[in-house]
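Numbered per the working numbering, the sequence shown finishes at 115, counting up by one with no gaps.
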Amino acid sequence: MTGAKMREAARIALKGIRAAVEASAIRHADRRAAELYLLVTGCNVPQVLAAEVAACTKQNVSKLLAAAEERRDNPDFDAALSRIERAILGE
Numbered sequence: 025m026t027g028a029k030m031r032e033a034a035r036i037a038l039k040g041i042r043a044a045v046e047a048s049a050i051r052h053a054d055r056r057a058a059e060l061y062l063l064v065t066g067c068n069v070p071q072v073l074a075a076e077v078a079a080c081t082k083q084n085v086s087k088l089l090a091a092a093e094e095r096r097d098n099p100d101f102d103a104a105l106s107r108i109e110r111a112i113l114g115e
């Protein structure tokens, strides 16, 4: 897949993930971290590309991924994220 096609696929995936996260029980403050976590871990989008399509830096993506991993210790957050993973990714 070419770089342009990968960027477009990542943009489309992020739009779908955003819609699912917005409709979920995930707190507004945690949504961006959840979106990028799902994009990188669920869709296997490299962090550099995730940063590009989310209009932020790779460092910001790294921080948000760490925040999402930490929040997974919260049963409510983990359950909401797991429901989105199953719905979108079929896992």
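Just so you know, even glycine gets a beta-carbon here, dropped at the ideal spot from N, CA and C.
Assigned secondary structure, residue i (DSSP; H/G/I helix, E/B strand, else coil)
i   : result
A99 : The displayed chain sequence assigns Pro, not Ala, to residue 99. In the structure shown, P99 sits in a helix (DSSP, three-state: H, G or I).
T26 : coil
C-alpha distance - residue i paired with residue j, whole-angstrom precision
i   : j    : result
A43 : L113 : 14 Å
A75 : D54  : 17 Å
L60 : R96  : 14 Å
R31 : A57  : 19 Å
A91 : V77  : 19 Å
L38 : L62  : 9 Å
V85 : A79  : 10 Å
Spatially closest choice to residue i from the options, by CA coordinates
i   : options         : result
A33 : D54, L73, V85   : L73
L89 : P99, D100, L105 : L105
key: Inside the region 69-98 only - alpha helix (DSSP H) runs reaching at least 4 residues   = 71-78, 82-95
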